[in-house]
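Residue numbers (UniProt numbering), protein chains in the order written: chain A, 1 to 212; chain B, 1 to 212; chain C, 1 to 212. Heads up, the beta-carbon is just placed ideally off N, CA and C, and yes, glycines get one too. Just so we're clear, the structure is a prediction, and the values are computed from it rather than from any experiment. One structure is given here, and the rest of the page talks about it.
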Amino acid sequence: MYSISVETVINALYLVAIVVEAMTAAIAAGRRQMDWLGVCVLGSVTALGGGSVRDIVLDHHPLSWVERPYLLFVTGGAALATIAIARMMPRLRHLFLFLDAIGLVVFTIIGCRIADGLGLPLVVVVASGVITGCVGGVLRDVLCAQVPLLFRAELYATVSVLVALTYLALMTSGVGEGLALLGGSSIGLLVRLAAIRFHWSLPKFIYGDADY
Amino acid sequence: MYSISVETVINALYLVAIVVEAMTAAIAAGRRQMDWLGVCVLGSVTALGGGSVRDIVLDHHPLSWVERPYLLFVTGGAALATIAIARMMPRLRHLFLFLDAIGLVVFTIIGCRIADGLGLPLVVVVASGVITGCVGGVLRDVLCAQVPLLFRAELYATVSVLVALTYLALMTSGVGEGLALLGGSSIGLLVRLAAIRFHWSLPKFIYGDADY
Amino acid sequence: MYSISVETVINALYLVAIVVEAMTAAIAAGRRQMDWLGVCVLGSVTALGGGSVRDIVLDHHPLSWVERPYLLFVTGGAALATIAIARMMPRLRHLFLFLDAIGLVVFTIIGCRIADGLGLPLVVVVASGVITGCVGGVLRDVLCAQVPLLFRAELYATVSVLVALTYLALMTSGVGEGLALLGGSSIGLLVRLAAIRFHWSLPKFIYGDADY
């Protein structure tokens, strides 16, 4: 009964996460003046791309959207809906930053769980979480022909690593999956939101072209 | 006998399609002043990339060029030949737009057939067709560091979706593979060429940076 | 005894190669002012990406870093170390060009050996070598939103093809793996360094936008 409810919570949060990622990608598509189908495609690639790359890299088939094709309607529909409510998006900015942080956290934990279920070593489990959490946004930025925000933004990948480590530490400590999920998510959300609020960032490596 | 000839037609059209895609990619390479090997590589990646991504995503191994390595000579040779006849290309513009439309249609149908042969659900069959038809051009544009034309151009991906749906509808209706192929191709070619001729396009989603 | 030492040499050179590729990618990351984690990620993707793409394309699982996760620490650590010694990098320029050439040669031979071990046809063995040698740098450049250097630089991919062909010709001639490794590497290193020194390059294909 307990383990079922953890699954249910994760599945519900996963749907929220792919909707939000598709919608933020739709905004990026609108900045590039893409057509409606382009908006759907970019939204779906962003929302489902992280998990797809993880599954391809870990040879974990079928991919989520191949097994559950309705996910393509969820992400494509969310992207299209963004066009309809584009005028409201500026006012929803804070809500979306919050939901995007939830997406990052949920994707990361799902990625850890899948690699863990395949019996892979700890470092690969963390990498699987980070790939799931971050690669969708990287694909979005590459398809928009810009340097991925991930490599420069407010602790985005850092938060993903932190969530993965916390979740795995709590799982190993035997507190149970529910608490591990709660602990990893809370720390991830807190740090991500604080990073946005206080403009936290990792130090940058700046190398002049003249130097080399 | 009948089914053999459908295979033969598809295989012949497939060779035409990869030659054409390699040649249009070679032109893109020439715009970026790539060297001759770069032209071959970009041509081959563009011509074979859509099918490769489809096979990786669907776990359908070996990839076409791994099974039939002569395809690499076909695409690399076509790209090199483009250098030799570059001076004639402007005059061949309309021919190439036509052949490129055939390539899009053939790739899409091949992608549908492969996913269908794997017993995948309808939505995934359509997605497999669109991936096969469109991803090669996306890879070409990403490697040229520009936003994929696909997301903005005259009904390119839309035509791919249309071809897939028509082909599948005809297959389901039981008219036989030959007629389904003919019907899907004809509608795809007509819409694509009309879109080029009359500058049809989907509505665009335009979102100002100031809004968010 | 003899075959063990060939393995040992290749493994040692592989570690050198991924360290060097991670460090040159770190410099590219510094030019784009990425943060420290971005530097680690770009370094790891560049160093391990060519082999990963090869393994995904050939369905050769598990990927090297999934099987040996300490490789992620090697590449991430090398990228971080680059930040610490950034000031010295201009003076180490020639050393790095030399080590980068070794990396290209070693990656190519490893890629050939793996495809050969899978019993794949000759053309695919060469392609596997070139993918292993060159795709890491392509991923680095795509993630930095620029046209891959590979398509334009001093015989980079050409050297990879040359190394693969020489290595395979020597293997076929029966001189043994040690001599094949030595012969392929030497020719590759010589041509690559001569290309850098004398600015050798393949002819370029230049196509004006007005022409088409």
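Counted within 10 angstroms of its Cβ, other Cβ atoms place M1/A as buried (16 or more) or exposed: Residue confidence for M1/A is low, a pLDDT of 48 falling below 50, so the modelled location carries little weight; the figure read from the coordinates is stated next. So M1/A ends up on the exposed side.
Residue burial classification, D211/B (beta-carbon count within 10 angstroms, cutoff 16): The predicted model places D211/B with a pLDDT of 47, which falls under 50 and marks its position as unreliable, so this point remains unresolved.
A47/A versus A84/C - alpha carbon distance: 36 Å
Outcome for F107/B when other beta-carbon atoms lying within 10 angstroms are tallied against a minimum of 16: In summary, F107/B is buried, with 16 or more beta-carbon neighbours lying within 10 Å of its beta-carbon over all protein chains present.
First and last residue of the uninterrupted alpha helix (DSSP H) at S52/A: Element bounds for S52/A: W36 to V57.
Where the UniProt domain "Glycine transporter" (98-170) of chain B meets chain C: residues whose CB sits under 7 Å from a CB there: Hits within the stretch, in order: V142, L143, C144 and A145.
Minimum Cβ-Cβ distance from S52/B to chain C less than 8 Å: yes
Top-ranked residue by Cα proximity to A169/A, from I187/A, E154/A and R152/A: I187/A
Among Y207/C, G208/C, I196/C and G176/C, the one whose alpha carbon lies nearest that of E7/C: G176/C
Closer than 7 Å at the beta carbon, the chain B residues around W202/C: Before going further, note that residue 202/C is Leu rather than Trp in the sequence given. D35, W36 and L37, listed in chain order.
Of the listed residues G119/C, I102/C and V123/C, nearest to L182/C (C-alpha basis): I102/C
Candidates Y14/B, T24/B, N11/B and G38/B, of which the one nearest V130/C by Cα: G38/B
8 Å Cβ cutoff, A29/A in contact with chain B: yes
A114/B versus I56/B - alpha carbon distance: Note on residue identity: the sequence assigns Ile, not Ala, to residue 114/B. Taking the straight line from one Cα to the other gives about 12 Å.
Validate contact between the segment 28-44 of chain B and the segment 145-158 of chain C using beta carbons, cut 8 Å, 3 pairs: Because the criterion of three Cβ pairs below 8 Å is met, the segment 28-44 of chain B and the segment 145-158 of chain C touch.
Proximity of A78/C and V19/C at Cβ, strictly below 8 Å: yes
I206/C (DSSP reduced to helix, strand or coil): Looking at I206/C - three-state DSSP - the assignment turns out to be coil, as it is neither helix nor strand.
Alpha-carbon spacing of T110/C relative to L190/B, whole angstroms: Looking at the sequence itself, residue 110/C is Ile, so the reference to Thr does not match. I110/C and L190/B: Cα-Cα distance of roughly 48 Å.
Nearest candidate by alpha-carbon position, reference E21/B, set T82/B, R54/B and V9/B: T82/B
Distance between beta carbons of L165/B and V126/B, contact taken as under 8 Å: Going by Cβ atoms, the distance from V126/B to L165/B rounds to 7 Å, so yes, they are a contact pair.
For H61/C, the first and last residue of its enclosing alpha helix (DSSP H): Looking at the DSSP string, H61/C is not in any alpha helix (DSSP H), and its letter there is neither H nor E.
Euclidean distance between Cα positions of F205/C and A29/B: 7 Å
CA-to-CA distance, G117/C to S201/C, given in whole angstroms: Computed Cα separation, rounded: 33 Å.
Test: A194/A CB closer than 8 Å to a CB of chain C: no
Listed by chain order, chain A residues near V57/B by CB distance under 8 Å: S52, I56, L63 and V66
Enclosing alpha helix (DSSP H) for L120/B [first to last residue]: That residue, L120/B, is in no alpha helix (DSSP H); it is neither H nor E in DSSP.
Any chain C beta carbon closer than 8 Å to Y212/A: Because Y212/A sits at a pLDDT of 44, beneath the cut-off of 50, its placement in the model cannot be relied upon, and the following sentence gives the value as read from the coordinates. Yes - at least one Cβ of chain C is within 8 Å of the one on Y212/A.
Proximity test, Cβ basis, 8 Å: M1/A and chain B: Residue placement at M1/A cannot be trusted, given a pLDDT of 48 that sits under 50; what the coordinates show is reported in the next sentence. It does not: the Cβ of M1/A has no partner Cβ on chain B nearer than 8 Å.
Ordered list of alpha helix (DSSP H) runs contained in the UniProt domain "Glycine transporter" (98-170) of chain C, each at least 4 residues: Runs of the alpha helix (DSSP H) inside the UniProt domain "Glycine transporter" (98-170) of chain C: 122-143.
Distance CB(L139/C)-CB(V45/C) smaller than 8 Å: Taking 8 Å as the Cβ cut-off, L139/C and V45/C qualify as a contacting pair.
Where F96/C sits in the DSSP three-state scheme: helix
Amino acids of chain B, ordered along the chain, whose beta-carbon sits closer than 8 Å to that of I206/C: G30 and Q33
Rounded separation between G96/A and D100/C - CA only: In the sequence on display, residue 96/A carries Phe and not Gly. Approximately 44 Å between the Cα atoms of the pair.
Minimum Cβ-Cβ distance from A25/A to chain B less than 8 Å: no
Under 8 Å by beta carbon: chain A residues contacting I83/C: Within 8 Å Cβ-Cβ: F205.
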